[in-house]
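In the numbering used here, the protein residues as written are 22 to 104.
Beta carbons: idealized from backbone N, C-alpha and C, even for Gly.
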Amino acid sequence: LTGTPIQNNLDEFYALLSFVVPDLLGSASVFKRVYSDPITCSRDRDATPDDKELGLSRARELSSKVAPFVLRRTADLLTKHLP
Numbered sequence: 022l023t024g025t026p027i028q029n030n031l032d033e034f035y036a037l038l039s040f041v042v043p044d045l046l047g048s049a050s051v052f053k054r055v056y057s058d059p060i061t062c063s064r065d066r067d068a069t070p071d072d073k074e075l076g077l078s079r080a081r082e083l084s085s086k087v088a089p090f091v092l093r094r095t096a097d098l099l100t101k102h103l104p
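Structure, rendered in C-alpha cells:
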C-alpha cells in the first residue's frame, strides 16, 4: 500500500488494509473494538490517563502489525526527489 489515501481515518485505513491483506486485521467489528475505539477515545480531550495509555498501546500494536504492508515516505525524503 503506497500513497497518502488516509488522513487520520481508521475506518478508511481498515478498508484499505483489508483489501490489500484480507484477514490481517480481523473483522470490521473486531478492528473497531480492539483498535479504532481505544485509539479514537485516547485522542479525545477528556480522555483519562488509562484511556491514553490504552490508545497509545493499541496504536503501536497496530502500527507494528501493518508495517510490512505500508510504505511510508517522509516529506524530507520526497522533497529531494520531487520538484
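Which value, in whole angstroms, describes the spacing of the CA atoms of residue i and residue j?
i: residue 34; j: residue 68; result: 23 Å
i: residue 66; j: residue 93; result: 28 Å
i: residue 70; j: residue 83; result: 20 Å
i: residue 46; j: residue 32; result: 12 Å
i: residue 97; j: residue 104; result: 13 Å
i: residue 44; j: residue 74; result: 26 Å
i: residue 53; j: residue 39; result: 13 Å
Are residue i and residue j touching if we call contact CB-CB under 9 Å?
i: residue 51; j: residue 90; result: no
i: residue 72; j: residue 85; result: no
Spell out whether any CB of chain B is found under 9 Å from the CB atom of residue i.
i: residue 38; result: No chain B is part of this structure, which consists of one protein chain only.
Check whether the stretch 53-64 and the stretch 79-87 touch, using three or more Cβ-Cβ pairs below 8 Å as the test. They touch, by the three-pair rule.
I'd like the ranges of any alpha helix (DSSP H) spanning at least 4 consecutive residues and lying wholly in the stretch 35-60. With a minimum length of 4 residues, the unbroken runs of alpha helix (DSSP H) contained wholly in the stretch 35-60 fall at 49-52.
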